[in-house]
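Peer 1:
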Amino acid sequence: MDRQQLADFLRTRRAAITPEGVGLPSGQRRRTPGLRRQEVAQLAGISVEYYIRLEQARGPKPSRQVLGALARALVLDHDERAHLFHLVDELPESECRTAVKEVPAAIRNLLDGLNDYPAYVMDACYDMIAWNDMAERLMGYLSALAPEQRNVLRTNFSSGDVSARLADPAVRRFLADSVSDLRASLARNPGDRKLKGLVDELLRTSPEFGEMWADHRVAPRRAQTKRVVHPEVGPLEFDCQVLDVPGTGMRLVMYVPQPDSDTAKAFRRLAQLTPATPGSPA
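If you're matching positions, the sequence shown starts at 465 in this note's numbering and goes up one per residue.
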């Protein structure tokens with residue numbers, strides 16, 4: 465149980481809830497942003513003293529019943545509720561942990577069979593661990609990189625122009641969503657040294673990551689539209705589909721253009737370029 469992370473999460477979520485949002489009067493002299501501690505305790509049906517200890521990172525481990533009550537009081541969505549449970553080493557219903565590290569053979573076969581779309585497999589740490597020929601053609605460097613250089617978050621937050629790129633709302637949204645997803649993954653797997661090491665590294669090296677990490681937002685990666693400019697086939701626009709690989713903690717990411725779009729035609733031209741060799745880390 466990470467008491468400090470739990471305390472920080474409770475405080476940020478409490479500050480984000482308006483009294484009107486939970487049926488309480490706002491009052492004329494309210495100086496506290498969001499709800500007061502006693503209001504959260506009242507809504508959750510727990511003592512004020514107990515809730516204060518939780519926000520001060522010195523309380524005992526909450527029971528599953530208390531966690532559920534806090535989730536309702538703070539109006540947490542599905543992802544935030546799951547994160548709250550993970551912070552105290554509890555699993556929400558219908559969720560399990562796994563120690564699977566290898567990309568399943570069926571997923572590798574699926575990658576090999578995806579000839580029209582760039583696709584790759586990413587683990588919980590955002591390491592690209594397997595990809596198909598179209599992904600190699602699109603990105604043009606995967607097989608040549610060392611494993612530690614194939615980390616999506618490290619390459620984005622460690623580059624010298626990260627501040628300038630964050631001025632692009634689409635890039636900022638992508639990175640903020642990725643950080644939120646990383647936080648949720650760490651809460652699900654608090655003993656994962658690789659995850660913890662990546663977070664510690666990025667907190668040391670990237671103020672931009674630290675700013676997003678301090679927001680305590682949690683949300684898994686979902687589909688979004690991406691726009692990039694390829695040096696050989698020009699502007700591309702495609703849906704970035706993110707599919708969970710059940711029981712592994714991995715995600716299959718596919719870049720899917722609209723049928724008969726300029727991007728679909730560009731992908732076909734890309735497929736005709738000098739053959740690339742699909743790869744994965746040794």
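Even for Gly, the Cβ is constructed at its ideal location relative to N, Cα and C.
None of these values were measured; they are calculated from a predicted model.
Any idea if residue 623 is buried or exposed, counting beta-carbon neighbours within 10 angstroms, 16 or more meaning buried?
Peer 2: Numbered from 1 along the sequence shown, position 159 holds the residue referred to as residue 623. Per the 10 Å Cβ criterion, exposed.
Peer 1: Starting from the C-beta of residue 469, find all residues in its chain whose C-beta is less than 6 Å away, skip the five residues before and the five after it, and write them out in chain order.
Peer 2: Taking the sequence shown and counting its residues from 1, one reaches residue 469 at position 5. Correct list, in chain order: 551.
Peer 1: Where does residue 690 sit, in a helix, a strand or coil, going by DSSP?
Peer 2: The residue labelled residue 690 in the question sits at position 226 within the sequence shown. Here residue 690 sits in strand by DSSP.
Peer 1: Among 618, 488 and 584, which one has its Cα closest to the Cα of residue 593?
Peer 2: By 1-based counting over the sequence shown, the position of residue 593 is 129. Closest option to residue 593, judged by alpha-carbon separation, among 618, 488 and 584: 584.
Peer 1: List in chain order: all unbroken alpha helix (DSSP H) runs of 4+ residues lying wholly within the segment 603 to 632.
Peer 2: 616 to 622 and 626 to 629
Peer 1: List the residues that DSSP assigns as beta-bridge partners of residue 699.
Peer 2: Against the sequence shown, residue 699 aligns to sequence position 235. Its beta-bridge partners are 693.
Peer 1: If you reduce the DSSP assignment to three classes, tell me which class residue 501 lands in.
Peer 2: Indexing the sequence shown from 1 puts residue 501 at position 37. Residue 501 falls in the helix class under three-state DSSP.
Peer 1: Determine, using beta-carbon pairs with one atom in the segment 693 to 706 and one in the segment 727 to 737, whether at least three such pairs fall under 8 Å.
Peer 2: yes
Peer 1: Buried or exposed: which applies to residue 573, given that a residue is buried once 16 or more other Cβ atoms fall within 10 Å of its Cβ?
Peer 2: For the purposes of this step, residue 573 is taken as the residue at position 109 of the sequence shown. With fewer than 16 Cβ atoms within 10 Å of its Cβ, residue 573 is classed as exposed.
Peer 1: Along the beta strand (DSSP E) that carries residue 465, what are the first and last residues, could you check?
Peer 2: Residue mapping note: residue 465 aligns to position 1 of the sequence shown, counting from 1. No beta strand (DSSP E) holds residue 465; DSSP gives it neither H nor E.
Peer 1: Measure the alpha-carbon distance for residue 498 versus residue 603 and round it to whole angstroms.
Peer 2: Numbered from its first residue, the sequence shown carries residue 498 at position 34. Numbered from its first residue, the sequence shown carries residue 603 at position 139. Rounded to whole angstroms, residue 498 to residue 603 spans 45 Å at the Cα level.
Peer 1: Go ahead and pull the three-state DSSP assignment for residue 481.
Peer 2: Here residue 481 refers to the residue found at position 17 of the sequence shown. Here residue 481 sits in coil by DSSP.
Peer 1: To the nearest angstrom, how far is it from the Cα of residue 684 to the Cα of residue 502?
Peer 2: For this step, residue 684 is matched to residue 220 along the sequence shown. For this step, residue 502 is matched to residue 38 along the sequence shown. Approximately 31 Å between the Cα atoms of the pair.
Peer 1: Apart from the five residues just before and just after residue 563, which ones in its own chain have a Cβ nearer than 6 Å to its Cβ?
Peer 2: Here residue 563 refers to the residue found at position 99 when the sequence shown is read from its first residue. Residue confidence is low: residue 563 scores 46 on pLDDT, short of 50, so the model does not pin down where it sits. Its coordinate-derived value is still stated next. For residue 563, where only same-chain residues beyond five positions count, there are no Cβ hits under 6 Å.
Peer 1: Assuming residue 676 and residue 617 are in contact, meaning their beta carbons sit under 8 Å apart, how far apart are those beta carbons, in whole angstroms?
Peer 2: Your numbering for residue 676 matches position 212 in the sequence shown. Your numbering for residue 617 matches position 153 in the sequence shown. Rounded to whole angstroms, the Cβ separation of residue 676 and residue 617 is 10 Å, and the two are not in contact under 8 Å.
Peer 1: Taking 9 Å as the cut-off, decide whether the C-beta atoms of residue 679 and residue 644 are in contact.
Peer 2: Taking the sequence shown and counting its residues from 1, one reaches residue 679 at position 215. Taking the sequence shown and counting its residues from 1, one reaches residue 644 at position 180. Their beta carbons are under 9 Å apart, which means residue 679 touches residue 644 by this criterion.
Peer 1: Which value, in whole angstroms, describes the spacing of the CA atoms of residue 590 and residue 662?
Peer 2: Looking up residue 590 in the sequence shown gives position 126. Looking up residue 662 in the sequence shown gives position 198. Looking at the two C-alpha atoms, the distance is approximately 10 Å.
Peer 1: For residue 547, count the other beta carbons within 10 Å of its own beta carbon; 16 or more makes it buried, fewer makes it exposed. Which is it?
Peer 2: Position 83 of the sequence shown, counted from the start, is the residue given in the question as residue 547. The residue in question, residue 547, is buried, as its Cβ has 16 or more Cβ neighbours within 10 Å.
Peer 1: Classify residue 521 as helix, strand or coil using the three-state DSSP reduction.
Peer 2: In the sequence shown, the residue the question calls residue 521 occupies position 57. Three-state result, residue 521: coil.
Peer 1: DSSP state of residue 470, grouped into three classes?
Peer 2: Counting from 1 along the sequence shown, the entry for residue 470 is found at position 6. Three-state DSSP puts residue 470 in a helix.
Peer 1: Of the residues 722, 620 and 709, which one's Cα is nearest the Cα of residue 575?
Peer 2: As a working mapping, residue 575 is identified with position 111 in the sequence shown. Considering only alpha carbons, the answer is 709.
Peer 1: Which first and last residues belong to the beta strand (DSSP E) in which residue 594 is found?
Peer 2: Within the sequence shown, the letter at position 130 stands for residue 594. Taken as a continuous stretch (DSSP letters only), the beta strand (DSSP E) holding residue 594 covers 592 to 595.
Peer 1: Quick test of your reading: residue 798 and residue 587, contact by CB under 8 Å. State the CB separation rounded to the nearest angstrom.
Peer 2: Residue 798 is absent from the model: the chain starts at 465 and stops at 746.
Peer 1: Out of 472, 480 and 544, state which residue places its alpha-carbon closest to the alpha-carbon of residue 522.
Peer 2: As a working mapping, residue 522 is identified with position 58 in the sequence shown. Checked all of 472, 480 and 544; the closest Cα to residue 522 is 472.
Peer 1: When you compare each of 726, 690, 481 and 669 to residue 632 by their alpha carbons, which one comes out closest?
Peer 2: The residue you call residue 632 lines up with position 168 of the sequence shown. Comparing Cα-Cα distances from residue 632 to each of 726, 690, 481 and 669, the minimum goes to 690.
Peer 1: Measuring only the C-alpha atoms, how far is residue 650 from residue 509?
Peer 2: Here the question's residue 650 lines up with position 186 in the sequence shown. Here the question's residue 509 lines up with position 45 in the sequence shown. Roughly 29 Å separates the two Cα atoms.
Peer 1: Using only alpha-carbon positions, find the residue among 580, 534 and 535 that is nearest to residue 723.
Peer 2: On the sequence shown, position 259 is the one that residue 723 refers to. Comparing Cα positions, the closest option is 580.
Peer 1: If you compare alpha carbons, which of 648, 686, 647 and 620 is closest to residue 635?
Peer 2: Within the sequence shown, residue 635 is the residue found at index 171, counting from 1. Cα-wise, what sits closest to residue 635 is 620.
Peer 1: Over what stretch of residues does the alpha helix (DSSP H) that includes residue 681 continue unbroken?
Peer 2: For the purposes of this step, residue 681 is identified with residue 217 of the sequence shown, where counting begins at 1. Looking at the DSSP string, residue 681 is not in any alpha helix (DSSP H), and its letter there is neither H nor E.
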